[in-house]
Amino acid sequence: MLRYLFLCTAVLGWLLSDEGSLRAQETAPVVSQTGARPLGVVTDKTLIDDVDSQQMRFEKFSKLLTGTKLVGHFTIDGKPLDELKQETYLISSVEKLEEGDKWVVNAQIKYGQYDLTVPVPLDVKWAGSTPVMVLDNIAIPTLGTFSARVLFHGDKYTGTWQHDQVGGHLFGRLEFAEK
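Per the numbering used here, the sequence shown runs over residues 8 to 186.
See the structure below:
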């Protein structure tokens, strides 16, 4: 048993060393049964393909939300869950900016007694092919300062929100306009 443990430790150490990892790169690529492209050496072509697929994700996300209404509910931390509040956002346009993950979402926001249309600057991060809107202490005129993480999947959205000392969860569905 001790000999087996020593052998496993030695093999693992060799695989993690520079020499072992170089040998691992020389072996044939692993083919996925899911149809994903095999792991391999990064080339100019794979970088171009990645940029193209990133651009496609951006376009798909923009088309998904432009002219779309988000209809759902939000919770307030510390309040009973049977006291859900309704929310709606009508997104007129979504634009990717040149700088990093920056986007501008032009949305009609109905929040409490307010109903206004504002440009909301935010980041969009990607969990694989899943977009996540990120707001970090964004000041929205008349409404206040907000932070949020909102994930989109299919025709649904979900996330968390914070407005000063009050926060909670939000969730709902996307209603698509005739496009």
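The beta-carbon is built from N, C-alpha and C at its ideal position, and this holds for glycine as well.
Item: For Leu150, the three-state DSSP class (helix, strand or coil); Value: coil
Item: From Lys76, Arg180, Asp122, Ser154, residue whose alpha carbon lies closest to that of Gln1; Value: Outside the shown range of the chain, which is 8 to 186, sits residue 1, and nothing can be said about it.
Item: Residues bridged to Arg180 [DSSP beta-bridge criterion]; Value: Val78, Lys163
Item: Cβ-Cβ separation, Leu77 to Leu181 (assumed contact under 8 Å), whole Å; Value: 6 Å
Item: Residue burial classification, Ala114 (beta-carbon count within 10 angstroms, cutoff 16); Value: buried
Item: Limits of the unbroken beta strand (DSSP E) element including Lys92; Value: 92–103
Item: Beta-ladder partner(s) of Arg156, from DSSP; Value: Val141, Thr167
Item: Same chain only: Cβ atoms within 6 Å of Leu71, ignoring 5 sequence neighbours per side; Value: none
Item: Of the listed residues Met140, Gly151, Gly79, Val127, nearest to Val197 (C-alpha basis); Value: With the chain covering only 8 through 186, there is no way to say anything about residue 197.
Item: Length of the line joining the Cα atoms of Asp108 and Ser60; Value: 15 Å
Item: Nearest to Ile147 (by Cα), restricted to the options Tyr121, Thr82, Leu104; Value: Tyr121
Item: Per-residue burial, Met63 [other beta carbons within 10 Å of its own, 16 or more giving buried]; Value: exposed
Item: Cβ pair His183, Thr75 closer than 9 Å; Value: In the sequence under discussion, the amino acid at residue 183 is Phe, which differs from the His named in the question. Taking 9 Å as the Cβ cut-off, Phe183 and Thr75 qualify as a contacting pair.
Item: Buried or exposed by the 16-neighbour rule on C-beta atoms within 10 Å, applied to Gly161; Value: exposed
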